[in-house]
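Under the working numbering, think of the first position of the sequence shown as 75, with each following residue one higher.
Note that beta-carbon positions come from the ideal geometry of N, C-alpha and C, so glycine has one too.
Predicted model, so just to flag it, every value in this text is computed and none were measured.
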Amino acid sequence: MKTEIAESDEIEKREREVQLIMNIVEPDPEYQATFISDEACFYDISGQDEKEIEERLKFYFKGDLPAPLITPVWQFIEIVKRRYPGWPEEWPPEH
75 MKTEIAESDE IEKREREVQL IMNIVEPDPE YQATFISDEA CFYDISGQDE
125 KEIEERLKFY FKGDLPAPLI TPVWQFIEIV KRRYPGWPEE WPPEH
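Written as structure tokens, this is what we have:
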């Protein structure tokens with residue numbers, strides 16, 4: 075398996091996207107995860123219950139839950155970016 079190192083701009087962009095999602099799911103910084111593995115899903119990064127996590131994400135995404143909560147956070151972000159081109163810079167979508 076070949077490992078590729080991402081550009082630092084890409085890494086910083088991804089970190090901002092993960093932090094944005096984290097702020098939605100767990101708004102209190104005291105309870106936010108300090109480390110998020112590649113396999114971590116929303117249950118792993120928040121002490122909130124399933125219903126609360128789902129409600130927060132649906133509110134942010136205008137009633138839509140882009141992917142199941144068991145989806146790893148990085149994959150959830152990729153799904154969001156495909157569904158909403160321009161996210162997070164261009165949010166909310168204009169339609």
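Beta carbon of residue i nearer than 8 Å to that of residue j
| i | j | result |
| --- | --- | --- |
| Ile-127 | Leu-143 | yes |
| Ile-98 | Ile-151 | no |
Integer-rounded CB distance, given that residue j should sit under 8 Å from residue i
| i | j | result |
| --- | --- | --- |
| Trp-161 | Lys-155 | 6 Å |
Limits of the unbroken alpha helix (DSSP H) element including residue i
| i | result |
| --- | --- |
| Tyr-105 | Looking at the DSSP string, Tyr-105 is not in any alpha helix (DSSP H), and its letter there is neither H nor E. |
| Asp-118 | 116 to 119 |
| Glu-148 | Sequence check: residue 148 is Trp here, not Glu. Looking at the DSSP string, the run of the alpha helix (DSSP H) that includes Trp-148 is 147 to 157. |
| Gln-93 | 82 to 99 |
| Phe-133 | 124 to 134 |
Nonlocal neighbours in the same chain, by C-beta distance under 8 Å from residue i, ignoring five residues either side
| i | result |
| --- | --- |
| Lys-132 | Asp-138, Leu-139 |
| Trp-165 | Tyr-158 |
| Gly-121 | Glu-100, Tyr-105 |
| Tyr-117 | Glu-124, Ile-127, Leu-143, Ile-144 |
Other residues of its chain near residue i: CB distance less than 6 Å, five sequence neighbours each side excluded
| i | result |
| --- | --- |
| Glu-89 | none |
| Tyr-134 | Ile-98 |
| Glu-153 | The sequence given here has Ile at residue 153, not Glu. Correct list, in chain order: Pro-140, Ala-141. |
Reference residue i, options the options, closest by Cα
| i | options | result |
| --- | --- | --- |
| Glu-163 | Glu-81, Lys-125, Lys-87, Asp-83 | Lys-87 |
| Lys-136 | Ala-107, Pro-167, Ile-85 | Pro-167 |
Own chain partners of residue i with C-beta closer than 7 Å, once the 5 adjacent residues on each side are dropped
| i | result |
| --- | --- |
| Ile-110 | Val-92, Ile-119, Val-147 |
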